[in-house]
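Written out below as structure tokens is the structure these notes cover.
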Amino acid sequence: MLAMYFLILYITVQCTGKEGFMAGETVKAMVPITFMYKNRVGQALQVYLNGLKEKKIMGARCPTCKKVYVPPKTVCARCRKPIDKWVEVGQEGILKNFTVSYVNIVNGEILDVQEPYVIGLIKLKGASSLLSGIVKIPSVDKVKTGMKVKAVWKETTQGEYSDLVYFEPA
Amino acid sequence: MKRNVAIISVGYNGRFVSKRPDINIPELIQPAVANAISKTKLKPEQIDAYVVGNMHTFEGVNQPHLWASDHFGGAGKPVMRIATGGTTGASVFQAAYYHVASGLYDVVMAIGWEKHDEGDAQVGLMGILLPEAFSMFNFGPDMSGERGIAGLGGGGSTGGAAFQAMSYLTKANAGIEHIDRIAALMRSNAAKNPYAHLQQPGCTEADIAKTPIISYPLRYGHTCPTSCGAIALILASEEKAKKFGITDRVAWVKGLGSGSSDAATGNIIEGQITDPAEQYMCKVVAKKVYAMAGIKDPKKEIQVAEVYSGFSHQDLMWPERLGLVDEGKSPEMLDKGAFAIDGELPLNPSGGVTSTNAIGASAMVRVGEAALQVMGLAEGGHQVPRKVENAVAHGWGGLFQFVTVTVLGRTPVKK
Amino acid sequence: MNERVAIVGYKQTKHTFDSPVARERMIYELVKALFAELGITRDDIDTFILASNDFTDGRTISEVFTVPRIGAYMKDETKVESDGLSAALYAYMRILSGLYETALVVGFSMAGSEFRAPLIQSYTLDPVYERPRGIINYYSIAALQANAYMRKYKFTEEDLAQLTVKNLENANNNPYAARKEENPSIDKVLGSKPLYLPIRQAHVSAYADGACAVILSSKKMAKKFTNKPVWIDGVGHFMDTYYIGDRDLLAMEHLSAAAKKAYKMAGIKNPKKEIDLAEIHTNFSSEEPVFAEAMGLFKPGSGKDVVKNGESRIDGALPINPSGGPLGANPINATGLIRLAEASAQLRNEAGKNQVKGAKTAVVHAQDGPGAQLNTVFVVRR
């Protein structure tokens, strides 16, 4: 499976003229160039995406230290050993940290959003890593660390990150 | 007193291939690291530092070693990123050398890789000159007093290479058949290297001559592939080489250097134009490196050479510029079989870059393969039969302007 | 091998948000001016190290055109595709090895005029998990870190604003800073645009066009350049794991380890007492208390007191970023080198209005990667 990504590099061409009418002047031209890349998700994230299709959150368990990494990866950094064991983690967890966001950064542009929203780091039951996700809450003033939250899924899943729409208070 | 540094292990992630849709970039690097460590007595945590590099515009991931932190073992360790275009792999290796030679670290891993199936290699290379080309279209070619800047940019890197090839052939009084011949040698060498990408056992001059011309005198069969793969080298101080090397056979780094010439864009500056076949910089760097390595007569004292040729004509050119063959004599050496694996100056027994080119790895593969030759560990039939006292590994990149030269040997330089 | 290496010369451009000259001319003029100041030529430099990045330069193998401009024609040169202090670290290793005696390190980028910093930063995020999901970026990571710190230690938005004002005031007195804010105040900072709270626009470093050049020399060659060498007495650098969910953003253990290593090498047992000032590479002012404490310069959680008592001000107990830091100018690849240049200026009593009195020992820091994944620390002394 692969992830598509369009990369746009805006190249600014600058040149300071040496002789003739351009002498001493610097001219700039903005040149939008599109390079197209096809980045592969890889083995571990493929497991994660397959899990999302089934409304499951998958992690990778290190055979040595038993830590469970979410999203899964093929190696345990602590033990410096490969991982090929995938386990399901819980759908509920504790909100460990969060920030209230007033913007969205798209293609490097900081864009305003209509309503502030919460980005949280959640410790799911059975996971060692924190999972980042949007926490939907009636009022951003009410969000607190230590809250219990649970995953909310799309009705029809497709094996994409958007299948896990957000977390909400449990 | 300088510190002696040796390469104690060379690891590949596997055979270099065109596509790996099943894994991502960190997962590409992971097996090369494990492979290199498995050939030593080292535990993964005993690597003191890592130096990494690739040409990251080819995959569109800025500094991918950050993402791959856990997969190569850099998480929790000193990590430095080096990138110098085509010579990246060698520059990464040379930085790893300085990590140990400085005395700050004893065991350092150098890693180079590229995953070309995730991007468009031609566009990446065109990106070097595209800003100048656009500037010319908008403001005219004379705006900065430089002319013809896109002259060699036409056709991407092949345009410049064709110019270089014609200049070389004319000076050496050789013909396109020599390029066909050496290209065939490389592909059949690659067939004896289990890690090489394009393996064509028994490849002949006629096979290459059948391929279409891109830009005379360069044919499709003279160009390099785009490959996916990773290589890891482990460097150690003298003491740690003894402690962690599985055998006592290591490859000592006897001399190393790099140099930067002017970008051969076809600019006519003050009435002069750089001939990309001259490669004066290579001669200067090679001389310096041989002196450092204590080598007085490279023609006699170097038993094998791994040179970086993006196009087959360069396999004829580099041995001359590196002082291994007299000027203009490579075609003769080729014709009498001197460059073959069992010849008097084996050239690219690995198959070279025209058989395998994962850009970020390629210059390091030259060093790794030279190390394997010194250690007598090259697999699949591409180990040269003679005892290798000294080997030279060369790297090349940029707009025909960057060069790296490394000499590896069986014994360290006498202090 | 060489035992000791010193900074023997340095120069930075007047950083701007829109450079009047092209990148190549900018670094050429800078290096030319530095050489003229020291009365040397490129023949006096053995090796050249660039700190730049194809992504920030917007072209592949950008060093094709920048390497000749720093005087490296026909010389041994290389490029560290990371922060400027890492490049200085590599130069330091090259000289320690004994193969070279002198090195020129140049870092630069056109982060003010040629690209949107968040765009280029976003490319360091992996393309298959964080980038497509779009919620984790350099700004939101800093916000999560700041919130963890603020919650644990009752550090308030006002405290953070006061800290930002301190940096802006220092930047106003720094002739090289790009960002000049008239009469910076807590109210103005608190009124600036909220991004990911508590990060507001005012807390974000000033991405700018600029360059910095530093010359390193072995002890035996130092006299050729200056009679005021600044010695590199300790270095440390470590990289953290990539995924934010696997990191302890508050503890910054790998920054701590880097600082500890540098202190040990420099024979420093009590950094709070023995360090006279610190130049810290912060992309957001909220990183300052976290990093300073991780580096052992202040007690963990003391941020509120530090701000209230003015301890990190130029006239305080341990000045942090007397130059104004990256809040004044952040030309990305140059920023780490600028910290080294600023610290060197302080130790040589050349820091003008921002001079810390009697500065003898400084700690210098640079970061790279999302959420300061990679940290480099130098201890320098006169």
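Protein chains in written order, with the numbering used here: chain A, 4 to 173; chain B, 150 to 564; chain C, 14 to 395. Backbone N, C-alpha and C define an ideal beta-carbon position, used for all residues, glycine too. Being a predicted model, the structure only gives us computed values, none of them experimental.
In the DSSP assignment, residue 389 of chain C forms a beta bridge with C/250, C/379.
Neighbours of residue 208 of chain C in chain A, taken as residues whose beta carbon is under 7 Å from its own, are 105, 106, 113 in chain order.
One thing to note: residue 161 of chain B has its Cβ no nearer than 8 Å to the Cβ of residue 363 of chain B. Rounded to whole angstroms, the Cβ separation of residue 350 of chain C and residue 227 of chain C is 6 Å, and the two are in contact under 8 Å.
Shown here, residue 86 of chain C sits in coil according to DSSP, grouped into three states, outside any helix or strand. When Cβ-Cβ separations below 8 Å define contact, residue 197 of chain B makes no contact with chain A. Per DSSP, reduced to three states, the secondary structure at residue 82 of chain A is coil, with no helix or strand assignment. Here the region 148-157 of chain C makes contact with the region 93-105 of chain A; the two share three or more CB pairs at distances below 8 Å. Using a CB distance below 8 Å, no part of the region 57-75 of chain A faces chain B. In the DSSP assignment, residue 19 of chain C is bridged to C/230, C/244. Any Cβ of chain B closer than 8 Å to the Cβ of residue 386 of chain C would place that residue at the interface, and such an atom is present. Here the alpha carbons of residue 91 of chain A and residue 64 of chain C stand approximately 43 Å from one another. Taking a Cβ-Cβ cut-off of 7 Å, residue 229 of chain C has no neighbours in chain A, whose nearest Cβ is about 30 Å from it. By the beta-carbon neighbour count (other beta carbons within 10 angstroms, threshold 16), residue 114 of chain A is exposed. Residue contact check for residue 164 of chain A against chain B: no CB pair falls below 8 Å. Going by beta carbons, residue 165 of chain B and residue 344 of chain B fall inside the 8 Å limit. At a cut-off of 8 Å between C-beta atoms, residue 369 of chain B does not count as an interface residue with respect to chain C. Taking the CA atoms as reference points, residue 490 of chain B sits about 23 Å from residue 507 of chain B. Within the model, the alpha-carbon separation for residue 326 of chain C versus residue 173 of chain C is close to 14 Å. With 16 or more other CB atoms across the displayed protein chains lying within 10 angstroms of its CB, residue 430 of chain B is buried.
CA-CA distance, residue 311 of chain C to residue 211 of chain C, rounds to 22 Å. In this structure, the alpha-carbon of residue 184 of chain C lies about 36 Å from that of residue 146 of chain C. Chain A places a beta carbon closer than 8 Å to that of residue 179 of chain B, counting this residue as a contact. Within a 10 Å sphere around the beta-carbon of residue 365 of chain B sit fewer than 16 other beta-carbons, which makes this residue exposed.
Residues of the same chain with a CB within less than 7 Å of the CB of residue 340 of chain B, apart from the 5 flanking positions on each side, are 348, 349, 350 in chain order. Against chain C, a Cβ distance below 8 Å from residue 80 of chain A picks out 254, 259. In this structure, C/181 is the residue among C/276, C/181, C/290, C/114 with its C-alpha nearest to the C-alpha of residue 218 of chain C.
Straight across, the Cα-Cα distance linking residue 247 of chain B with residue 106 of chain C is about 6 Å. Taking 8 Å as the threshold, the shortest C-beta distance from residue 77 of chain A to chain B falls below it. Residue 318 of chain B carries a helical assignment under DSSP once its states are collapsed to helix, strand and coil. With fewer than 16 neighbouring CB atoms inside 10 Å of its own CB, residue 369 of chain B falls in the exposed class.
For the pair residue 98 of chain C and residue 361 of chain C, the CB atoms are not nearer than the 8 Å cut-off. Taking C-beta atoms as the reference points, residue 51 of chain C and residue 177 of chain C fail to come closer than 8 Å. The criterion of a C-beta distance shorter than 8 Å is not satisfied by residue 331 of chain B and residue 314 of chain B.
Here residue 510 of chain B is not near residue 557 of chain B, since their CB atoms are 8 Å or more apart. Per DSSP, residue 511 of chain B is one residue of the alpha helix (DSSP H) stretching across 508-524.
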